[in-house]
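Enquirer: Numbering (the working numbering), first residue to last: 3 to 163.
Cβ atoms here follow ideal geometry from the backbone N, Cα and C, with glycine treated the same way.
Next up is a structure, given as structure tokens.
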């Protein structure tokens with residue numbers, strides 16, 4: 003991976019980017035559809051977020067297991083610190099036909115239903131990301147995988163009628 007993000011060395015300091023909190027496109031993020039149970043959440047792959055996050059309402063709607071966890075202090079894009087104290091562990095997520103097991107911190111985001119951050123990305127091993135084409139290439143469980151952004155971002159078309 004060629005990103006040059008530096009993160010604090012303290013274990014209890016986490017970051018989530020502004021792109022994960024609002025619907026802003028970015029050259030460091032891309033959105034993909036996933037499948038969790040029978041739902042199709044929008045997932046933001048974000049190399050600027052340290053952890054994986056899931057909208058609490060999604061976890062409740064899908065009746066995912068939720069556990070209390072040691073409070074995680076999260077620095078959001080505007081510099082404010084918020085606390086996250088619940089996790090949905092070992093959630094089965096399928097992305098473009100490829101299964102992954104992800105532990106999500108429950109956190110109110112609005113730019114997507116879920117965020118896959120560095121915590122997920124680093125578990126993939128070496129990753130090549132092409133932000134011009136919105137492609138990720140990596141080897142997972144002995145299989146070469148390519149993920150392509152498939153969620154349209156940007157203004158919706160309008161009609162002059």
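1. For residue 81, count neighbouring Cβ atoms within 10 angstroms of its own Cβ and tell me buried if that reaches 16, exposed if not.
2. Rank 122, 118 and 124 by C-alpha distance to the C-alpha of residue 34 and give the top, closest one.
3. Taking a contact to mean a Cβ-Cβ separation below 8 Å, would you say residue 53 touches residue 142 in this structure?
4. Rounded to whole angstroms, how far is the Cβ of residue 60 from the Cβ of residue 43, which I believe are closer than 8 Å?
5. Is the beta carbon of residue 169 less than 8 Å from the beta carbon of residue 95?
6. Enumerated in chain order, which unbroken segments of the beta strand (DSSP E) with a length of 3 residues or greater are wholly contained in the segment 49-126?
7. Tell me whether the beta-carbon of residue 55 lies closer than 8 Å to the beta-carbon of residue 109.
8. Go through its chain and collect everything with a Cβ distance to residue 144's Cβ below 8 Å, but skip five positions before and after it.
9. Bridge partners for residue 38 per DSSP, in chain order?
10. Quick one: residues in its chain with C-beta nearer than 8 Å to the C-beta of residue 58, no 5 flanking neighbours on either side, listed in chain order?
11. Starting from residue 132, trace the beta strand (DSSP E) in both directions and tell me its first and last residue.
12. With a threshold of 7 Å on Cβ separation, who are the neighbours of residue 92 within its own chain once the five nearest residues in sequence on each side are excluded?
13. What is the residue span of the beta strand (DSSP E) that residue 140 lies within?
Expert: Let me spell this out:
1. Within the chain shown, residue 81 is the residue found at index 79, counting from 1. Around the C-beta of residue 81, fewer than 16 other C-beta atoms lie within 10 Å, and the residue is accordingly described as exposed.
2. For the purposes of this step, residue 34 is taken as residue 32 along the chain shown, with counting starting at 1. The shortest C-alpha separation from residue 34 is found at 118.
3. What you label residue 53 is simply residue 51 of the chain shown in a count that begins at 1. What you label residue 142 is simply residue 140 of the chain shown in a count that begins at 1. No, these two residues do not count as a Cβ contact at 8 Å.
4. In the chain shown, residue 60 corresponds to position 58, counting from 1. In the chain shown, residue 43 corresponds to position 41, counting from 1. Contact flag correct, Cβ pair sits at about 6 Å.
5. It is not possible to answer for residue 169, since the shown part of the chain is limited to 3 through 163.
6. Every unbroken stretch of the beta strand (DSSP E) spanning 3 or more residues and falling wholly within the segment 49-126 is given here in chain order: 69-77, 83-97, 100-108 and 116-118.
7. Within the chain shown, the letter at position 53 stands for residue 55. Within the chain shown, the letter at position 107 stands for residue 109. Yes; because the gap between Cβ atoms is below 8 Å, this pair is in contact.
8. By 1-based counting over the chain shown, the position of residue 144 is 142. For residue 144, where only same-chain residues beyond five positions count, there are no Cβ hits under 8 Å.
9. Counted from its first residue, the chain shown places residue 38 at position 36. Answer by DSSP bridge pairing, in chain order: 41.
10. As a working note, residue 58 is residue 56 in the chain shown. The residues are 88, 108, 109 and 110.
11. One-based indexing of the chain shown puts residue 132 at position 130. Unbroken beta strand (DSSP E) run through residue 132: 129-132.
12. Here residue 92 refers to the residue found at position 90 when the chain shown is read from its first residue. For residue 92, where only same-chain residues beyond five positions count, the Cβ hits under 7 Å are 103 and 105.
13. Position 138 of the chain shown, counted from the first residue, corresponds to residue 140. Counting along the chain, the beta strand (DSSP E) containing residue 140 begins and ends at 137-142.
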